[in-house]
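Residue numbers (my numbering): 3 to 361.
For every residue, glycine included, the Cβ atom is placed at its ideal position computed from N, Cα and C.
What follows is a single structure, written as structure tokens, with notes after it.
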Amino acid sequence: MFDNNYLNALVLLAGLVVGFFGAHLVIRLVKRRLNEKKDAGWIQTLTRITRPLTFLAALLVLLSVQPLMDMGKKLPFDLQHVYTLLTIFLVTWLIINAIRSIRSILLRRYNLDTKDNLKARKMHTQLRVFERLLIAIVLVIAIGIALMSFDKIHKLGVSLLASAGIAGIIIGFAAQKSIGLILAGFQIAITQPIRLEDVVIVENEWGWIEEITLTYVVVRIWDKRRLILPISYFIEKPFQNWTRTTAEILGTVFIYVDYRFPVDKMREALTEILNDTDLWDGQVNVLQVTDAKEHTLELRALVSASDSPTAWDLRVLVREKLVEFVQKNYPEYLPQTRVLFPEQKINPEKEPEAGEEKS
């Protein structure tokens, strides 16, 4: 005959199989129904939560069949406590995946690849920060519940709460900086001095906001380096945000020419250059004399583009074409340095130098 150990193993295996495959079958049926409705958002959500939901269903089946298992006192550990810890872990896993899925569903409507993506960047920034904040809260609560499930730690926690004076002060000072960073992240999510894919200048570096977490911000520099800054930096220190209200941006190009240069001809050349390129958004086309230096005129071309990368390419193109225009058509009006020599005065009374004949 089979002893209790074999029966327990058989019940355990049967519970796992029924719970695991039963949950998997139900999820597949739901996915098939969603596929018929072409609901990609909920399909992605189910895909994310399939594994934790399947294991959680198997665990619930085990809990339901536990009364049929005669464990006696043969196990060296508390099986009920193991079930509790597994339940906490699986529920936490399920909630975190559900939070991420909800964030993905909400962001499907906001595409960052469009030119006018101000609202999309706003929503991506807020939802990503709130997602990380909620996940952090869920993890803290889950770890706290798991630790409090141990009797010794539970008693220790109660005693600490009863005498929380000095301990609370010490913990408060130790966590002050971390809490400050989290609050700064929450403030950025609400006020939004920066958003994802904003063009910024920080620490004399030009780049894009690539990632915003609860404690730090990643700036993608134009040469593919990454600048990591604490999130409080964007609350406490000044910085430049070129796309705070719109992605459109103005670009400037400076050209230096001789005083005799015909400025109107360069205005015509600038218009032709802009009309021949798709980089220009058709908004701003200005050429002005912005300074008259000692030896040259300073001409500033002001042009507009739909976003900062395009503005950079447009500035490079305009600079190259304008220099080429001056070289080909008015090379004599390139910057020059003039040296004036005073006229030599002839003194008839001056004696000729040695070796010269007297007249």
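Task: Nearest-angstrom Cβ-Cβ length linking E133 and R111, presumed shorter than 8 Å - done: Not quite, the Cβ-Cβ distance comes to about 16 Å (not below 8 Å), so this is no contact.
Task: Rounded separation between G21 and G182 - CA only - done: Take the alpha-carbon of G21 and the one of G182: they are about 44 Å apart.
Open item on the list: Taking a contact to mean a Cβ-Cβ separation below 7 Å, would you say V219 touches I237 in this structure?
Closed with: no
Open item on the list: Please report the straight-line C-alpha distance between A138 and S103, rounded to a whole angstrom.
Closed with: 16 Å
- [ ] Give every residue of the same chain whose Cβ lies closer than 8 Å to the Cβ of A166, excluding the five residues on either side of it in the sequence, and list them in chain order.
- [x] Confidence is the limiting factor: at A166 the pLDDT is only 49, short of 50, which leaves the residue's position unreliable, though a coordinate-based value still follows. Answer for A166: no residue qualifies.
Open item on the list: Using 8 Å as the cut-off, can you tell me whether the region 288 to 305 makes contact with the region 250 to 257, which would need three or more C-beta pairs spanning the two stretches below that distance?
Closed with: Under the three-pair Cβ rule at 8 Å, the region 288 to 305 counts as touching the region 250 to 257.
Task: A186 burial status per 10 Å Cβ neighbour count (16 or more: buried) - done: Answer is buried; the Cβ neighbour count reaches 16.
TODO: Would you give the residue range spanned by the alpha helix (DSSP H) that L299 belongs to?
DONE: Boundaries around L299 are those of the beta strand (DSSP E), 299 to 307, since no alpha helix (DSSP H) includes it.
Open item on the list: In this structure, how does DSSP classify N331 when only helix, strand and coil are distinguished?
Closed with: It is helical.
Open item on the list: Rounded to whole angstroms, what is the Cα-Cα separation between V19 and L64?
Closed with: 10 Å
Task: Backbone CA spacing between L27 and A60 [nearest angstrom] - done: Here the alpha carbon of L27 sits roughly 12 Å from the alpha carbon of A60.
- [ ] From the DSSP output, read off the bridge partner residues of V255.
- [x] A303
Open item on the list: What would DSSP say about Q194, mapped onto helix, strand or coil?
Closed with: coil
TODO: Indicate the three-state DSSP secondary structure (helix, strand or coil) for L392 in the structure shown.
DONE: Residue 392 falls outside the range modelled here, since the chain spans only 3 to 361, and no answer is possible.
Open item on the list: My output table needs one value for T279: the three-state DSSP class, helix, strand or coil.
Closed with: coil
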